[in-house]
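Going by the numbering used here, the letters in the sequence shown line up with residues 95 to 335, in that order.
A virtual CB, placed ideally from N, CA and C, is assigned to each residue, including glycine.
Here is the structure we will look at.
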Amino acid sequence: MAASPSNDAYFSVEGLKAYYGDSYIVQDVSFSVNEGEIVALLGRNGAGKTSTLRAIARAANPELRSGNIWLQGESIHDKQDFEAALAGIQLVPEDRRIIPGLTVEENLDIACIAGSSGWSYERIYELFPRLKERRKQEGTTLSGGEQQMLAIGRALARDIKLLLLDEPYEGLAPVVRHDIEKALIEVKNTGITTILVEQNAVAALKLSDSALILDTGEIVFSGTAAEVLDNDQLRHDYLAI
């Protein structure tokens, strides 16, 4: 369960403060995550969810002004984005960033340029059979759901320890969302840790072990996903559901 941060935890952040210019967007965020856990990071629009993921992945924006990030005892807060990726943190952004002009398989090839020890193509295709069927098709011509599968598959092709997912269900039909959910459960069963940002809070909570709720850049709740599902007042106050 998400809890107080500790350098001994599988993954933890402590006192995270991130800014866009002079405006803070993530303010003193601290939490820990167990290995193999799925954590739902929830909140209203503008609460700082995406910015928290980007700060963890060491993206250039927002700017991390202070705070510590640890993955299996290795400091991440002093790394650049490509170094965080090499350490095992893989961010799947909301826009998926499929590379134009490249096929499905070539998009996966790009993930392995640095000599990845991640999942094999065969294993990714077992998780997402549609990608195998379309492996010679240009990635940007796939449906939205297939592009999401490719974006997740590309993350898994790298040496992955922590998967950060930003709005993976955005724009997806329920049947495709169900396929993504099944895949994420399989990923969890391999021991990979996942932090999931999702506007469909109920769907995210049903998939997750624990939950964090952000409000104006600060954590206002940390506990089990079941606690949020069972607390009408909490969902009303912070999630509008």
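Member of Thr287, Ala112, Ala153 and Ala154 whose CA lies at the smallest distance from the CA of Ala141 | Within the sequence shown, numbered from 1, the residue matching residue 141 stands at position 47. Nearest of Thr287, Ala112, Ala153 and Ala154 to Ala141, Cα basis: Ala112.
Taking only the alpha-carbon atoms, compute the straight-line gap between Tyr104 and Leu290 and give it to the nearest angstrom.
-> Start at 1 with the first residue of the sequence shown, and residue 104 comes out as number 10. Start at 1 with the first residue of the sequence shown, and residue 290 comes out as number 196. So the alpha carbons of these two residues sit roughly 17 Å apart.
Ends of the alpha helix (DSSP H) at Gly146?
-> One-based indexing of the sequence shown puts residue 146 at position 52. A small correction: the amino acid at residue 146 is Thr; Gly does not occupy that position in the sequence shown. Per DSSP, Thr146 belongs to the alpha helix (DSSP H) from Lys143 to Ile150.
For Ile335, which residues from the same chain have a beta carbon less than 7 Å from its beta carbon, with the 5 sequence-adjacent residues on both sides left out?
-> Taking the first residue of the sequence shown as position 1, residue 335 is located at position 241. Excluding sequence neighbours, Ile335 sits near Ala295, Val296 and Arg329.
Does the beta carbon of Val281 come closer than 8 Å to any beta carbon on chain B?
-> This model lacks chain B altogether; it includes just one protein chain.
Taking Ile254 as the reference, give the member of Trp164, Ala179, Ala277 and Tyr118 with the closest Cα.
-> The residue you call residue 254 lines up with position 160 of the sequence shown. The residue from Trp164, Ala179, Ala277 and Tyr118 with its alpha-carbon nearest to that of Ile254 is Ala179.
May I ask you to report which of helix, strand or coil DSSP gives Ile204?
-> Reading the sequence shown from its first residue, position 110 is the one you call residue 204. DSSP, reduced to helix, strand and coil, places Ile204 within a helical segment of the structure shown.
Decide if the stretch 279-288 is in contact with the stretch 125-138; the criterion is three or more beta carbon pairs, one per stretch, under 8 Å apart.
-> Touching, yes.
Presumed contact (8 Å Cβ cut-off) between Glu312 and Asp122, rounded CB distance = Position 218 of the sequence shown, counting from 1, holds the residue named residue 312. Position 28 of the sequence shown, counting from 1, holds the residue named residue 122. Distance from Glu312 to Asp122 at the Cβ level is roughly 6 Å; contact confirmed, criterion being Cβ atoms closer than 8 Å.
Could you tell me which residues DSSP pairs with Gln121 in its beta bridges?
-> Position 27 of the sequence shown, counted from the start, is the residue given in the question as residue 121. Looking at the DSSP output, Gln121 shares a beta bridge with Lys111.
Using three-state DSSP, classify Gly317 as helix, strand or coil.
-> Taking the sequence shown and counting its residues from 1, one reaches residue 317 at position 223. Correct three-state label for Gly317: strand.
Expressed to the nearest angstrom, what Euclidean distance is found between the alpha-carbon atoms of Ser124 and Glu261?
-> As a position in the sequence shown, residue 124 is number 30, starting the count at 1. As a position in the sequence shown, residue 261 is number 167, starting the count at 1. Distance between the alpha carbons of Ser124 and Glu261 is about 21 Å.
Mark Lys230 as exposed unless 16 or more other C-beta atoms lie within 10 angstroms of its C-beta, in which case mark it buried.
-> As a working note, residue 230 is residue 136 in the sequence shown. By the Cβ-count criterion, Lys230 is exposed, with fewer than 16 other Cβ atoms from all chains shown falling within 10 Å of its own Cβ.
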